[in-house]
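Colleague: Numbering (my numbering), first residue to last: 4 to 478. Below is one structure. I have some questions about it.
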Ligand SMILES: [Zn+2]
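Pasting the structure below:
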């Protein structure tokens, strides 16, 4: 009995010592993590002194045996000039594996103290227990669980971060899906008037790995964001005359290329191009980029799709700049100009995009016209160009028609923002009569600004429109 209090005191002292030594092993583990190795650290203690340290280093040394314990045992044996480590204790942050446990037994180590248990390869009790065989172990005592939480958290944090990094790297590569094509970057080299850096996203749920391209210029926390949506067969290049003015005003500009257009991936099958799917992609992009105080800028399909967006998330939108487009509600006949255009696309599916632009826009240079055609170097890349004219809702139960009717209701009764309508009068497809009808459906939309010389691709007269819009939406 008189000895009992002394024994208890010694146990307390031992525990305090174990924690102290384990902190030194943890420092080694942290250093291993810093070097990109799985963070395990070890030290060897003899007579109250650290005589060797070791950190995990198999990657750096191309050495499968370079576990922290082996490194530390080897250093300790060198230091003592003896492979037998009589009277030594080894502290390691993770339960030793079979190899390291075997080495400790060979070294006649007096004691091993470890931190976290290793449910996968632990050989000091978790998976097997090499120290539990009297036939092979006469020397080594085992103590586990010292600073187990800290040791384990260092490991799980390391693996968590590594998984995160691997996922980020995989995403950054945007691998091309088998069922899609990607226009080579070379096709977009040195396009006139289009200096902006590409941005890509492929992990929106609806994209399922397809790579969507968008421009994202100006400060992320700008007072105002212009969301510029193109139609068929254009792409974000269409907005190059307007972007500089928006940016000069200190605003943010986001201009995506719809899937199938521009620098975005191009699914081989036309069937991919469905109204609701394209709309969903845009909604997810708006949410991903967390666009706020948005002025929605639309024309052609940019409006057919884009005009159905604000009703889904009205709090994000404050303004509408609407150019030659329509709400295809299916309960009114499509304009004859559009019907003619659709027939032309069926008739001549390989029409030249650059030439189409040149026809209505004689002020464009040859290089600018060629830039419009750059995304579509061959027939395979043109699935969207074939599909889109067919997807404009024409009847009441066509895909997208009900959404468009709901959108019409939204614009008529719930729209709280300011609107500006600009019409290219020379547009044979979606011209002034179509736009006047649309104006009636947009609450508070003033008389359209009519550009007598502009055609369908109104944005090609965009400098003046952008300047007017910056002024108009400032109020
Ligand atoms: Zn090991």
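We put the beta carbon where it would ideally sit given N, CA and C, even for glycine. Source: prediction; values computed, not measured.
Mind checking whether the beta-carbon of residue 99 lies closer than 7 Å to any heavy atom of ligand 1?
Modeller: Indeed, a heavy atom of ligand 1 lies less than 7 Å from the Cβ.
Colleague: DSSP on residue 266, reduced to helix/strand/coil?
Modeller: Note: residue 266 maps to coil in three-state DSSP.
Colleague: Using alpha carbons as the reference points, say which of 313, 380, 357 and 447 lies closest to residue 370.
Modeller: The candidate whose alpha carbon is nearest that of residue 370 is 357.
Colleague: What distance in whole Å lies between the Cβ atoms of residue 82 and residue 111, which are believed to be in contact at a cut-off of 8 Å?
Modeller: With 8 Å as the limit, residue 111 and residue 82 do not qualify as a contact, their Cβ atoms being about 16 Å apart.
Colleague: Specify, as a first and last residue, the run of the beta strand (DSSP E) that residue 56 falls within.
Modeller: 52-58 is the span of the beta strand (DSSP E), which, as asked, contains residue 56.
Colleague: Going by the C-beta, is residue 70 closer than 7 Å to any heavy atom of ligand 1?
Modeller: The answer is yes for residue 70.
Colleague: Excluding the five sequence neighbours on either side, which residues of its own chain have a C-beta within less than 6 Å of the C-beta of residue 53, listed in chain order?
Modeller: Cβ within range, chain order: 46.
Colleague: Could I get the ranges of all uninterrupted beta strand (DSSP E) runs contained in the region 204-235, with 3 residues as the minimum, in chain order?
Modeller: Counting only runs of 3 or more, we get 215-220 and 228-232.
Colleague: Measuring straight from C-alpha to C-alpha, what distance separates residue 270 and residue 215?
Modeller: Approximately 11 Å, taken between the alpha carbons.
Colleague: If you draw a straight line from the alpha carbon of residue 474 to that of residue 350, how long is it in whole angstroms?
Modeller: In a straight line, the C-alpha of residue 474 is about 43 Å away from that of residue 350.
Colleague: Rounding to the nearest angstrom, what Cα-Cα distance links residue 58 and residue 73 in this structure?
Modeller: Each residue's Cα considered, the two are about 9 Å apart.
Colleague: Considering Cα atoms alone, identify which of 384, 335 and 249 is closest to residue 353.
Modeller: Residue 384 is the option with its Cα nearest to residue 353.
Colleague: Please tell me whether residue 433 and residue 320 are closer than 8 Å, where the distance is taken between their beta carbons.
Modeller: No, the Cβ-Cβ distance between residue 433 and residue 320 is not below 8 Å.
Colleague: Can you check which of these residues, 121, 392 and 333, is closest to residue 345 by C-alpha distance?
Modeller: The shortest Cα separation from residue 345 among 121, 392 and 333 belongs to 392.
Colleague: Apart from the five residues just before and just after residue 294, which ones in its own chain have a Cβ nearer than 7 Å to its Cβ?
Modeller: Same-chain partners within the cutoff: 228, 230, 257 and 319.
Colleague: Which runs of the beta strand (DSSP E) at least 3 residues long sit entirely within the region 99-187? Give them in chain order.
Modeller: Complete beta strand (DSSP E) runs here, min 3: 114-119 and 144-146.
Colleague: Between the alpha carbons of residue 56 and residue 171, how many angstroms are there, rounded?
Modeller: Using only the alpha carbons, I get a separation of about 34 Å.
Colleague: Find out if the Cβ-Cβ distance for the pair residue 397, residue 333 is shorter than 8 Å.
Modeller: Yes; because the gap between Cβ atoms is below 8 Å, this pair is in contact.
Colleague: Give me the Cα-Cα distance between residue 97 and residue 44, rounded to the nearest whole angstrom.
Modeller: Going from the Cα of residue 97 to the Cα of residue 44 covers about 8 Å.
Colleague: Taking the alpha-carbon positions, what's the residue 49 to residue 90 distance?
Modeller: Each residue's Cα considered, the two are about 6 Å apart.
Colleague: Would you mind working out which of 273, 280 and 308 sits nearest residue 387, comparing C-alpha positions?
Modeller: Selected option, being the one with the closest Cα: 273.
Colleague: For ligand 1, is there a heavy atom less than 7 Å away from the beta-carbon of residue 102?
Modeller: At least one heavy atom of ligand 1 is nearer than 7 Å to the Cβ of residue 102, so yes.
Colleague: Please classify residue 255: is it buried, with 16 or more other beta-carbons within 10 angstroms of its beta-carbon, or exposed?
Modeller: Burial call: buried.
Colleague: If contact is defined by three or more beta carbon pairs under 8 Å, each pair taking one atom from either stretch, is the region 303-319 in contact with the region 374-381?
Modeller: Contact fails: fewer than three Cβ-Cβ distances are below 8 Å.
Colleague: Which residues mark the beginning and the end of the alpha helix (DSSP H) in which residue 291 is found?
Modeller: That run of the alpha helix (DSSP H) goes 278-291.
Colleague: Tell me where the alpha helix (DSSP H) around residue 239 begins and ends.
Modeller: From DSSP, residue 239 is part of no alpha helix (DSSP H); its letter is neither H nor E.
Colleague: Tell me which residue opens and which closes the alpha helix (DSSP H) that residue 45 is part of.
Modeller: Per DSSP, residue 45 belongs to no alpha helix (DSSP H); it is in the beta strand (DSSP E), 44-49.
Colleague: Within the chosen definition, does the region 181-199 reach the region 241-250 through at least 3 CB pairs nearer than 8 Å?
Modeller: Yes, since at least three Cβ pairs between the region 181-199 and the region 241-250 fall closer than 8 Å, the two stretches touch.
Colleague: Use the C-beta contact count for residue 411: other C-beta atoms within 10 angstroms, 16 or more gives buried, fewer gives exposed.
Modeller: By the 10 Å Cβ count, residue 411 comes out buried.
Colleague: Name the DSSP beta bridge partners of residue 320, please?
Modeller: Per DSSP, 297.
Colleague: Which one or two residues does DSSP pair with residue 255 in a beta bridge?
Modeller: Partner(s): 228.
Colleague: Please list the terminal residues of the continuous alpha helix (DSSP H) segment that includes residue 97.
Modeller: Taken as a continuous stretch (DSSP letters only), residue 97 belongs to no alpha helix (DSSP H), being part of the beta strand (DSSP E) at 91-97.
Colleague: Would residue 85 be called buried (16 or more neighbouring beta carbons within 10 Å of its own) or exposed?
Modeller: Exposed, since its Cβ has fewer than 16 Cβ neighbours within 10 Å.
Colleague: Give the list of continuous beta strand (DSSP E) stretches no shorter than 3 residues that lie fully inside the region 400-465.
Modeller: Whole beta strand (DSSP E) segments, 3+ residues: 421-427 and 452-454.
Colleague: Within 8 Å, do at least three Cβ pairs link the region 144-152 to the region 181-192?
Modeller: The region 181-192 is not in contact with the region 144-152.
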